[in-house]
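> Numbering (the numbering used here), first residue to last: 501 to 683.
Handing you this structure, nothing more for now.
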């Protein structure tokens, strides 16, 4: 359950992160606005990785993953509903960058949080393979699906996929906490 949730999350986050700029250009962003969006994504990713790692280390994985869920929801809703050439679209790469820790640092922290240190270290490779599969399929999946169904439809589909992924991971985190409390 946890690994499938990770695959779905990674699919959505990578799809959103890699396809934000082309989608914003399609919505009427100029080249300079697109360049600014790319820079904002880079800066936000740096900030997100540093802060996300610290928050995961201090609070465990539930609150940071919930925060990533809020950020991905905001980003997808903006992509879904912004009219052409509106600067609010710059929030999409900012949200995408800030929650990138969910696919970079998150898998190792979450594996240990869900399975405990000993078992978590053993399962990091398995979890990593599912995250890698999500990464590999995310950008291609977005491109193919948005070509066939349009960006608005794919944003809603990604929102559902992300929600399922977060629910699966949330259930895994809650179950593991109950299991560790019983011991």
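Ideal placement from N, C-alpha and C gives every residue a C-beta, glycine not left out.
State buried or exposed for residue 661, treating a residue as buried only when at least 16 other CB atoms are found within 10 Å of its CB.
buried
> Measure how close the beta-carbons of residue 669 and residue 610 come, nearest whole angstrom, since I'm counting them as under 8 Å.
7 Å
> So, with DSSP's three-state summary, where would you put residue 584?
coil
> Cα separation between residue 635 and residue 678?
30 Å
> Using the C-alpha atoms, what's the distance from residue 630 back to residue 659?
19 Å
> What does a CB cutoff of less than 7 Å around residue 626 pick up in its chain, not counting 5 residues either side in sequence?
If you ignore the 5 residues before and after residue 626, its C-beta comes within less than 7 Å of the C-beta of 503, all in its own chain and listed in chain order.
> Buried or exposed, going by whether 16 or more other CB atoms sit within 10 Å of the CB of residue 583?
exposed
> On the CB-based measure, 16 or more other CB atoms within 10 Å of its CB, does residue 557 come out buried or exposed?
exposed
> Using the rule of at least 16 other Cβ atoms within 10 Å of the residue's Cβ for burial, across every protein chain shown, is residue 644 buried or exposed?
exposed
> If residue 561 sits next to residue 673, beta carbons under 8 Å apart, how far is it from one beta carbon to the other, in whole angstroms?
6 Å
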